[in-house]
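S.K.: If you count the sequence shown from 1, you need to add 192 to reach the working numbering.
Each residue gets a CB set at the ideal place from its N, CA and C atoms; glycine is no exception.
All values reported here derive from a predicted model rather than from experimental measurement.
Okay, handing you the structure first.
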Amino acid sequence: MKIATWNINGVNGRLALLLEWLEAAKPDVVCLQELKAAPARFPAAALSRAGYEAVWAGEKSWNGVAILARGALPIETRRALPGDPRDTEARYVEAAVDGVLIASLYVPNGNPVETRIDRKRRWISRFLKHAEGLIEYPAILAGDFNIIPTERDVYNPARWQGDALFLPEMRTAFTALLGQGWLDSLDVMQPTGERFTFWDYKRNAWQRNAGLRLDHILISPPISGALQAAEVDREMRGKTGASDHAPVWARLSLTKKDMSESSSCAGAARR
193 MKIATWNING VNGRLALLLE WLEAAKPDVV CLQELKAAPA RFPAAALSRA GYEAVWAGEK
253 SWNGVAILAR GALPIETRRA LPGDPRDTEA RYVEAAVDGV LIASLYVPNG NPVETRIDRK
313 RRWISRFLKH AEGLIEYPAI LAGDFNIIPT ERDVYNPARW QGDALFLPEM RTAFTALLGQ
373 GWLDSLDVMQ PTGERFTFWD YKRNAWQRNA GLRLDHILIS PPISGALQAA EVDREMRGKT
433 GASDHAPVWA RLSLTKKDMS ESSSCAGAAR R
């Protein structure tokens, strides 16, 4: 299974780029964030023609998450993060695909800190609790976490002090997630060197390689030993009209036993 995550920053405006990348990269599963499209505006027909079926949670102009699967329909298990029925933002969707429970997530940014960090804290607290309940299953958490995990993951750590993406408490939350047993695929496969996934549109960040690592693929213990590779398709960031994020992908070599767990994963997630 080759699974990818991409904050597409407008799925309809960048549909041509998405289809180009799907044809070239051929991922089996794709988690998308920032669809910026109402549910009825999601381009399901175009993606189906390209060989991908999807589940999605859309929201006009903002947020939005989706899971695409090549040649299979994802079995939706959840379309909102549990724990707060008042939270109606489209930031979380979950589905079983070929025996693996997949979550596509878009964590709140948290800036400006003075007015929005509490909202991010509450969301992450709920997410940590939910993730802990998935740890025993073949599962993958993929998306834009809006957290820079370490100083290695930012071009200029001093510049980002005090930003909601790099606050010590946010990095501690990410460490707590890994402490549950989740494997950070890109960190494991690329323990040295630069592995940015986001370059702002401002201040020529792409041209200066002033990047951040915000997009992560985390793997649960039952399938973490199957990880073979993980990369950033950074060339997509350099395309005309590109998203400010690049796709991140991980490849796992799963056994037949792994692939037979779909119904149990779906049932467990619904409880």
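Given a cut-off of 8 Å, decide if V289 and V221 are closer than it, judged by their beta-carbon atoms.
M.R.: Position 29 of the sequence shown holds residue 221. Position 97 of the sequence shown holds residue 289. Yes, Cβ-Cβ distance for V221 and V289 is below 8 Å.
S.K.: Among P300, P219, S435, E324, which one has its Cα closest to the Cα of A264?
M.R.: The residue given as residue 264 occupies position 72 in the sequence shown. Of P300, P219, S435, E324, the residue nearest in Cα terms is P219.
S.K.: Do M381 and A422 have their CB atoms nearer than 8 Å?
M.R.: Within the sequence shown, residue 381 is the residue found at index 189, counting from 1. Within the sequence shown, residue 422 is the residue found at index 230, counting from 1. Going by C-beta atoms, M381 is nearer than 8 Å to A422.
S.K.: Using three-state DSSP, classify D379 as helix, strand or coil.
M.R.: Counted from its first residue, the sequence shown places residue 379 at position 187. Helix at D379.
S.K.: How far does the alpha helix (DSSP H) with V305 in it reach, from first residue to last?
M.R.: Walking along the sequence shown from the start, residue 305 turns up at place 113. Where V305 is concerned, the enclosing alpha helix (DSSP H) stretches over 305 to 326.
S.K.: Below 8 Å on the Cβ atoms is my guess for G243 versus A230; work out the distance and round it to an integer in Å.
M.R.: On the sequence shown, position 51 is the one that residue 243 refers to. On the sequence shown, position 38 is the one that residue 230 refers to. About 24 Å; that fails the 8 Å criterion.
S.K.: If distances are taken between C-alpha atoms only, which option among N199, E386, I294 comes closest to S412?
M.R.: Taking the first residue of the sequence shown as position 1, residue 412 is located at position 220. For the residues N199, E386, I294, the minimum Cα distance to S412 belongs to I294.
S.K.: Quick check on Q399: buried or exposed, where buried means 16 or more other Cβ atoms within 10 Å of its Cβ?
M.R.: Position 207 of the sequence shown, counting from 1, holds the residue named residue 399. Per the 10 Å Cβ criterion, exposed.
S.K.: For N401, which three-state DSSP category applies?
M.R.: By one-based count along the sequence shown, residue 401 stands at place 209. Reduced to three states, the DSSP call for N401 is coil.
S.K.: Would you mind stating whether L410 and W374 have Cβ atoms separated by less than 8 Å?
M.R.: The sequence position of residue 410 within the sequence shown is 218, counting from 1. The sequence position of residue 374 within the sequence shown is 182, counting from 1. Against a cut-off of 8 Å, the Cβ pair of W374 and L410 comes out as a contact.
S.K.: For G430, collect the residues of the same chain with a Cβ closer than 8 Å to its Cβ; drop the 5 residues on either side in sequence, then sort them by chain order.
M.R.: On the sequence shown, position 238 is the one that residue 430 refers to. Once the five neighbours on either side are set aside, the close Cβ partners of G430 are W398.
S.K.: Just checking my contact of N199 with H437 at CB under 8 Å: how many whole Å lie between their CB atoms?
M.R.: Locating residue 199 in the sequence shown gives position 7, where the first residue counts as 1. Locating residue 437 in the sequence shown gives position 245, where the first residue counts as 1. Indeed they touch by this definition, with Cβ atoms about 4 Å apart.
S.K.: So, are the CB atoms of L273 and L260 less than 8 Å apart?
M.R.: Against the sequence shown, residue 273 aligns to sequence position 81. Against the sequence shown, residue 260 aligns to sequence position 68. Not in contact: L273 and L260 (Cβ atoms no closer than 8 Å).
S.K.: Start and end of the alpha helix (DSSP H) containing W213?
M.R.: The sequence position of residue 213 within the sequence shown is 21, counting from 1. Run containing W213: 207 to 217, per the alpha helix (DSSP H) assignment.
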